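Following: one structure in structure tokens, then a few remarks.
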Amino acid sequence: MVCAHPIMKSLTFLRVAAFALAVGFQAALSAAAYQPKLGIQSWTLREMNFEQALEFASKHKLKYIQCTNKHIDPLAPLEESLKQKAQLEARGIQFYTFGVAGTSMNKEENRKLFQFAKAMGIKLIIVEPREAAQWDNLEELVKEYDIKLGIHNHGLNSVYGHPDTVKKILNARDARIGVCLDVGHVTGAGFDADKVFREYQGRVFDIHLKDKKIEQVDGKPTIVDVHIGSGSSNYAGLFEELRKARWDGVLAIETDNPLYARMPEEYVSRAIEFVKKHHP
Numbered sequence: 000m001v002c003a004h005p006i007m008k009s010l011t012f013l014r015v016a017a018f019a020l021a022v023g024f025q026a027a028l029s030a031a032a033y034q035p036k037l038g039i040q041s042w043t044l045r046e047m048n049f050e051q052a053l054e055f056a057s058k059h060k061l062k063y064i065q066c067t068n069k070h071i072d073p074l075a076p077l078e079e080s081l082k083q084k085a086q087l088e089a090r091g092i093q094f095y096t097f098g099v100a101g102t103s104m105n106k107e108e109n110r111k112l113f114q115f116a117k118a119m120g121i122k123l124i125i126v127e128p129r130e131a132a133q134w135d136n137l138e139e140l141v142k143e144y145d146i147k148l149g150i151h152n153h154g155l156n157s158v159y160g161h162p163d164t165v166k167k168i169l170n171a172r173d174a175r176i177g178v179c180l181d182v183g184h185v186t187g188a189g190f191d192a193d194k195v196f197r198e199y200q201g202r203v204f205d206i207h208l209k210d211k212k213i214e215q216v217d218g219k220p221t222i223v224d225v226h227i228g229s230g231s232s233n234y235a236g237l238f239e240e241l242r243k244a245r246w247d248g249v250l251a252i253e254t255d256n257p258l259y260a261r262m263p264e265e266y267v268s269r270a271i272e273f274v275k276k277h278h279p
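Quick note: the sequence shown, position 139, residue 138 per numbering that gives the first Met the number 0, numbers continuous.
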């Protein structure tokens, strides 16, 4: 048996230790470098017009916006939409997705939505088809235009309120059909957001950032919209999942609370601070 020289043993140990240190440092650096992209769902600003919504987003340094048809009409003349696109670009705001968009059994009507998205440079549309049969023509359009769809969930009694329903769609359809995960509604329906995120196995394309909890309203337990981070949503777990996945979508601040919508300044400011403090 040949024994290694003590100096060789020491050098080997140092090389192994240096490699382990480098790997650990790189992992720590990688974790520290991850910054979630923060944006806003324009439903939060539904009491404002388009120009006011852009001014608000700029003021709060939110560079990503998801618009509803309150602020941008996908069926408007193309010239009008392109003017709005120019206004967004002038402020350095990316119109990254539209929704929740209405869809139907009529493929050519749905095509207008994809044509609008293509003209606006959007690669993701948020949808909530009311009939399962709509998915056939929507999937065909996804393949034709190479534009993703994100299934939006509302409450438990809505079409896609249960994650199992969503997973059946994901398993049966093109990989470009994924999820817009509404954290508040997932929580309100009784599910854990970080667990649901994992179960969707890389198919979460967008996240609506909101929070809900049960409060007594007129003596009845009621699910209410609250400030992000003050409700029942498991943001600690979800943020950890985002960090591990290096998720590169947008966290879009949103609220269903009409009071917050009328006075969104505090709601949005607190949401931004919460993410800054607790981001992965």
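By construction, the Cβ of each residue, glycine as well, lies at the ideal position given by its N, Cα and C atoms. In this text, all values refer to a predicted model and were calculated from it rather than measured experimentally.
Under the three-state DSSP convention, the category V195 falls into: In the displayed model, V195 falls within a helix according to three-state DSSP.
At the level of alpha carbons, what is the spacing between R261 and E50? 16 Å
Does the beta carbon of V249 sit closer than 8 Å to a beta carbon anywhere in chain C? Of the protein chains in this structure there is only one, and it is not chain C.
K69, enclosing alpha helix (DSSP H) - first and last residue: Looking at the DSSP string, K69 is not in any alpha helix (DSSP H), and its letter there is neither H nor E.
Does the Cβ-Cβ distance between E240 and F196 come in under 8 Å? yes
Assess contact between the segment 105-116 and the segment 264-272, defined as three or more Cβ pairs (one per stretch) separated by less than 8 Å. Is contact present? No, the segment 105-116 is not in contact with the segment 264-272.
D224 in three-state terms, based on DSSP: strand
How is V158 classed by DSSP in three states: helix, strand or coil? coil
Measure the C-alpha to C-alpha separation of M42 and G183 and round it to an integer number of angstroms. The residue you asked about is not Met; residue 42 is Trp in the sequence shown. Taking the straight line from one Cα to the other gives about 14 Å.
Where F190 falls: helix, strand or coil (DSSP): coil
For S231 and L208, what's the separation of their Cα atoms in angstroms? 13 Å
Best match in I271, Q200, A235, G189 for proximity to H226 [C-alpha to C-alpha]: I271
Within the continuous alpha helix (DSSP H) that includes E239, where are the two ends? 234-244
Of all the options S157, K275, M119, A251, which has the alpha carbon lying nearest to the alpha carbon of A56? A251
In whole angstroms, give me the CA-to-CA distance for A75 and Q215. Rounded to whole angstroms, the separation of the alpha carbons of Q215 and A75 is 43 Å.
Endpoints, the alpha helix (DSSP H) within which Y33 is located: Looking at the DSSP string, Y33 is not in any alpha helix (DSSP H), and its letter there is neither H nor E.
Since Y144 and L169 are thought to touch, with beta carbons under 8 Å apart, how far apart are those beta carbons, to the nearest angstrom? Their Cβ separation, rounded to whole angstroms, is 19 Å, which puts Y144 and L169 out of contact at 8 Å.
Do R242 and Y95 have their C-beta atoms closer together than 8 Å? no
Using CA coordinates, which residue listed in G160, R202, A192, H153 is at the minimum distance from A171? R202
Check whether V165 and N152 have beta carbons under 8 Å apart: yes
Would you check if the distance between the CB atom of C179 and the CB atom of G98 is smaller than 8 Å? yes
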